[in-house]
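Chemist: The sequence shown: position 194 = 194 (the UniProt record's numbering), numbered continuously.
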Amino acid sequence: MATKNSINDIAKKFVQIGLPKELFDRNKFNLLVDRNKVVIRYPAPGVRSEVHETPTGVKTKVYVEPGTKLEEPVTLCFGAAETTEVQTTEGEIIVGEGADVKFQVYGAMAEGIKLKHKNKLKVRVEKEARFEFLDLHYNGEETFVELETETDAYIGENAYFRSVFKQTRGRAGKVRIVLKANVDKKGIAVFETKMIGKKDDEIYVEDVIHLNGEESRGISKSRIIAVDETKATFVGETYGNAPKCRGHIDCSEIIRGKDVTVKAVPVVVVNDETAKVTHEAAIGSIDKKQLETLMARGLSEDEAVDVIVQGMLR
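(1) In whole angstroms, what separates the C-alpha of V260 from that of T293?
(2) What are the complete beta strand (DSSP E) segments, minimum 3 residues, inside the stretch 160-220?
(3) Quick check: the Cα distance between A226 and G67, rounded to an integer number of angstroms?
(4) I113 by DSSP, collapsed to three states: which one?
(5) Where K180 and F78 are concerned, what is the direct C-alpha to C-alpha distance, given to the nearest angstrom?
(6) Cα-Cα, which of V307, G187, V190 and G96 is closest to T168?
(7) For the alpha helix (DSSP H) containing L299, name the first residue and the last one.
(8) Return the Cβ separation of Y239 and H279 in integer angstroms, given the expectation that the two are a contact with Cβ distance under 8 Å.
(9) When DSSP labels each residue in this structure, what does E142 get in the three-state scheme?
(10) Give every residue of the same chain whose Cβ lies closer than 6 Å to the Cβ of V262, excluding the five residues on either side of it in the sequence, and list them in chain order.
(11) If you run the structure through DSSP and keep just helix, strand and coil, what is N119?
(12) How long is the line joining the alpha carbons of E214 and N158, rounded to whole angstroms?
(13) Helix, strand or coil for T293? Go by DSSP, reduced to three states.
(14) Given a threshold of 16 other Cβ atoms within 10 Å of its Cβ, counted over all protein chains shown, does Q104 qualify as buried or as exposed?
(15) Between which residues of its own chain and Y138 is the CB-CB distance below 6 Å, once the five residues before and five after are set aside?
(16) What is the rounded straight-line gap between the Cα of A304 and the Cα of Q310?
(17) Taking a contact to mean a Cβ-Cβ separation below 7 Å, would you say A242 touches N212 in this structure?
(18) First and last residue of the alpha helix (DSSP H) that includes L23?
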């Protein structure tokens, strides 16, 4: 484990880019990884884990005991306080039957660093369990990250899984996010992505939900703000494969700048006459009336835009 001084150094760099200071002040982390080193590790009740350092990152396996119910989120952070060529993280999370837990996972890349981050995650949510996975990313304004992340989830009978990927601070960099779910009888999968791209950032998000069980549900939702020369693509695919299943794709992208390119590609497929999958897609500029209202209250145009953007990404 790291010394107190080294933890303080990491904290200073991560707080500088917006990571909440109270996470360090109140020792909130159950796991903190800097590049390929485990810095902090504290177990959460009812949660068993294996963590192995690798030459370029870590491998983790987490098992939530059946029936475990936690009021406080399990808090993890995978970050880099200094430049490293590649960081790879591989994980598996199994949420036992009837459990109800939330994981709050921070990605923190310190100001000015450059790296390629690759992540693969397998999730299994067992019968009647509830699992929320909040993936919160903080980068510096001068940070450049190539991020490739893939999540493959199975949601059991009458189980619930919500995955939120959120990046609202600093540059996105070059991002490729792929989220996949197979949903069993009466299970629910919710995917949400909230991002802002700046300068020449490139963002690609792909959600794929297979509704395989009777009365299963799936929601795919994206909110991407693209400014400057950002290129952004959202692909949402939902397959209604079972009786009485319901799916919905909701993508709403905002552009600001003459050199922005944004694509939204909803794909809906139904293989049962009682299934229903819908979609709505919108790409446009910031609402002019909203902008004028905020500017009438004394904000500059840039300040007003920032208020609107942060509201959308909240």
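We put the CB at the ideal spot given by N, CA and C, even for glycine. These numbers come from a predicted model, not from an experiment.
Modeler: So, from the listed chains and residues:
(1) One alpha carbon belongs to V260, the other to T293, and they sit about 25 Å apart.
(2) Within the stretch 160-220, the complete beta strand (DSSP E) runs of at least 3 residues are 160-169, 174-183, 188-197 and 202-211.
(3) Their backbone Cα atoms lie some 42 Å apart in a straight line.
(4) I113 falls in the coil class under three-state DSSP.
(5) Rounded to whole angstroms, K180 to F78 spans 22 Å at the Cα level.
(6) Nearest option by C-alpha distance: V307.
(7) Run containing L299: none; DSSP gives neither H nor E here.
(8) Their Cβ separation, rounded to whole angstroms, is 13 Å, which puts Y239 and H279 out of contact at 8 Å.
(9) E142 falls in the coil class under three-state DSSP.
(10) Apart from sequence neighbours up to five positions away, the residues of its chain that approach V262 with a beta-carbon distance below 6 Å are A226, A232, E253, I255 and I283, ordered along the chain.
(11) In the structure shown, N119 adopts extended strand secondary structure according to DSSP, grouped into three states.
(12) Answer to the nearest angstrom: the Cα atoms are 10 Å apart.
(13) In this structure, T293 counts as helix in the three-state DSSP scheme.
(14) Buried is the call here.
(15) Excluding positions up to five away in sequence, the list reads I17, G18, L19, A108 and R169.
(16) Just so you know, the alpha carbons of A304 and Q310 end up roughly 10 Å apart.
(17) Yes; because the gap between Cβ atoms is below 7 Å, this pair is in contact.
(18) Here the alpha helix (DSSP H) through L23 covers E22 to D25.
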